[in-house]
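What follows is a single structure, written as structure tokens, with notes after it.
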Amino acid sequence: MSANTPAAAAPAKSKKMLIIILGVVAVLVIGGGAAAWFLMSRSHAGDEEGDAAPAHKEAPKVAPTFLPLENMVVNLADPGGDRFAQVGITLELDDAKTAEQVKQYLPAIRSGILMLISQRTSSELLQREGKEKLATDILREVSRPLGFSVPTERERARAAAADKEEDPEERPRRRVERNPVRRVLFSSFIIQ
1 MSANTPAAAA PAKSKKMLII ILGVVAVLVI GGGAAAWFLM SRSHAGDEEG
51 DAAPAHKEAP KVAPTFLPLE NMVVNLADPG GDRFAQVGIT LELDDAKTAE
101 QVKQYLPAIR SGILMLISQR TSSELLQREG KEKLATDILR EVSRPLGFSV
151 PTERERARAA AADKEEDPEE RPRRRVERNP VRRVLFSSFI IQ
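Using our numbering, you'd call the opening residue of the sequence shown number 1 and step up by one each time.
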């Protein structure tokens, strides 16, 4: 029997070794899968948090292009006609391409701006509100040849009232194109 016992013990030991090796491999596979799942879920959660914070992020910030216009001297609409304004304007534009487009229409734009300023009185232009309204009107005048419109105060008020009355779910989605003329800046403003 002694010869039979070592031969029978060898297959039993090899079965035990095989089971132990399979158990170790299974633990490693399960552990590796769990670690990968944990790391992936952490990475995904970080992406969701990162996306939630800057939800309005459109595109990388690009430095605007500034287009200074020549100073304009204009008679104002004051009684007696003895007051005038010297105004320096710089346009803040999206890019150099827009600047080239504006330059093509510059004579018409300058004429429109001169007409706008000449309709104002010195008392209007001495107040901040008057300058802000003039800047909005100039923005409209510059945007028109490029095919963009800037709503007037009255149009904005009507649209806001209509939005309040409409059910938000039934309200049609309006596609608003971004005007490449960002702002009108005054580089000088002298009234005499």
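Glycine included, every Cβ here is placed at the ideal spot set by N, Cα and C.
Looking at the structure shown, is Gln101 part of a helix, part of a strand, or coil, going by DSSP? In the structure shown, Gln101 sits in a helix (DSSP, three-state: H, G or I).
To the nearest whole angstrom, what separates the beta carbons of Ala150 and Leu139, a pair I think is in contact under 8 Å? Before going on, a small fix: residue 150 reads as Val here, not Ala. At roughly 5 Å, the Cβ-Cβ gap stays under 8 Å, so Val150 and Leu139 are in contact.
Take the Cβ of Asn199 as the centre, count every other Cβ of all protein chains shown within 10 Å, and call the residue buried at 16 or more, exposed below. Residue coverage of the chain in this structure runs from 1 to 192, which leaves residue 199 outside it and unanswerable.
Are Lys103 and Leu146 close, meaning C-beta to C-beta below 9 Å? Against a cut-off of 9 Å, the Cβ pair of Leu146 and Lys103 comes out as no contact.
Taking only three categories from DSSP, how would you classify Pro79? Three-state result, Pro79: coil.
Can you tell me whether Thr152 is helix, strand or coil according to DSSP? Secondary structure of Thr152 (DSSP, three-state): coil.
What is the DSSP secondary structure of Glu70, reduced to helix, strand or coil? Note: Glu70 maps to coil in three-state DSSP.
Is Ala108 near Ile191, with beta carbons less than 9 Å apart? Not in contact: Ala108 and Ile191 (Cβ atoms no closer than 9 Å).
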